[in-house]
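What follows is a single structure, written as structure tokens, with notes after it.
Numbering (the UniProt record's numbering), first residue to last: 1 to 360.
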């Protein structure tokens, strides 16, 4: 009897964030296969499978502290090379082109949103190391300051927002002090954020800060692709072939609908050509899942993050990593890129799960 009960407990499915993501992946693959679009859709859905492959490959690693250190070294190397390229460009031209210019990505090893994002992850890893290893605390604090400075230097919007948002979470929920001091700290963070955005020319341009609100909104409308993209995504949900529960039949339909929307909704000829040439995706993973899988996929992905937050809520650094990915998913489709899938598989499915793995 004991053996039977033991076997049941061992093989009893566990309601975990990872299993919710697996359910979402299975649903999208099955739906795509039933609609006969698996050949095209697999180009994107394979990213989700890659996440689990990374998770399976690395879950046997017992020394996660060393893994984190190696990841931090890799991030620092990427940032260092980018700083060398930036320095060479500045020495040659005397300018730092980090507003809304085309030269930015030529000076960075990765596109600005992604290199800013890994700098955020490196910043969190360095701070965690500073807390854990007293002997090398000053070095890791210096490392975190350098990474923070790099984020500000390249004017990575979502990364700057993420840093301040995470700091706000720490002040409000993890800092052990009186409640009014928490509120005061959060308000000071908000004020510091406003000062940085307004005072730094490159960052101000990245946030489309102008002399008045009307000009700022017009600037954002002219130069922020996501305003056009998300508006087109909303219009697509009004089409007859969109099902509220299951979405469109596949990614090919979504791609065609986006291109059609760009062609008729953008009046400026050069801007229209730019959008049609780049073939922008939805730049929001939640919107992407809603379009391809309907409210079912959207709720599953939302439930994944809710469960993940509940699993890691006692550890600030794990919460910070989860929040970082959540915010990045709001502006990028990470699963469209192999590099993004590697990051997600390592950080979200491996690093935050140490406590659960030890209990198992």
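From the three backbone atoms N, C-alpha and C, an ideal C-beta is built for every residue, glycine too.
Distances from the CA of residue 152 to each of 28, 196, 350 and 220 were compared; the closest alpha carbon is that of 196. The residues 227, in chain order, have a CB closer than 7 Å to that of residue 221 in the same chain once the five nearest residues on each side in sequence are set aside. For residue 221, the enclosing alpha helix (DSSP H) stretches over residues 213–223. Scanning 48, 216 and 162 for the CA closest to the CA of residue 193 turns up 162.
With a threshold of 16 other beta carbon atoms within 10 Å, residue 231 falls short and is exposed.
The C-beta distance from residue 202 to residue 155 rounds to 4 Å, short enough to meet the 8 Å contact threshold. Under the DSSP assignment, residue 136 falls outside any alpha helix (DSSP H); it carries neither an H nor an E label. Rounded to whole angstroms, the Cβ separation of residue 258 and residue 17 is 30 Å, and the two are not in contact under 8 Å. Across the structure, residue 137 and residue 38 are spaced so that their CA atoms are roughly 50 Å apart.
In terms of Cα proximity to residue 114, the closest of 288, 58 and 150 is 150. In the same chain as residue 127, and ignoring 5 residues on each side of it, the C-beta atoms closer than 8 Å to its own belong to 140, 141, 144 and 317, in chain order. By the Cβ-count criterion, residue 214 is exposed, with fewer than 16 other Cβ atoms from all chains shown falling within 10 Å of its own Cβ. Here the alpha carbon of residue 176 sits roughly 14 Å from the alpha carbon of residue 186. Contact between residue 83 and residue 52 is ruled out by a C-beta separation of about 35 Å, above the 8 Å threshold. Residue 94 sits exposed, since fewer than 16 C-beta atoms from the chains shown fall within 10 Å of its C-beta. A direct Cα-to-Cα measurement between residue 79 and residue 319 gives close to 24 Å. Between residue 283 and residue 348, the C-beta spacing is not below 8 Å. Looking at the DSSP output, residue 247 bridges to 243.
In this structure, the alpha-carbon of residue 300 lies about 20 Å from that of residue 350. Proximity to residue 147 across 60, 233, 168 and 125 peaks at 125, based on C-alpha coordinates.
DSSP assignment within the stretch 175–203 yields the following whole alpha helix (DSSP H) runs of 4 residues or more, N-terminal first: 179–199. Taking C-beta separations shorter than 6 Å and ignoring five residues to either side along the sequence, the partners of residue 61 in its chain run 67, following chain order. Per DSSP, reduced to three states, the secondary structure at residue 55 is helical.
If you check the CB distance, residue 41 and residue 55 do not come in under 8 Å. When only Cα atoms are considered, residue 50 and residue 184 end up about 43 Å apart. Here residue 290 is buried. Its C-beta has 16 or more other C-beta atoms within 10 Å.
Proximity to residue 322 across 336, 235 and 304 peaks at 304, based on C-alpha coordinates. Just so you know, the alpha carbons of residue 313 and residue 171 end up roughly 15 Å apart. For residue 85 against residue 107, the beta-carbon gap comes to about 5 Å, under 8 Å, which counts as contact.
Apart from the 5 residues on each side of it in sequence, residue 157 sits with its Cβ closer than 6 Å to the Cβ of 206 in its chain, given in chain order. When 235, 339, 324 and 72 are compared, the shortest CA-CA separation from residue 130 is found for 72.
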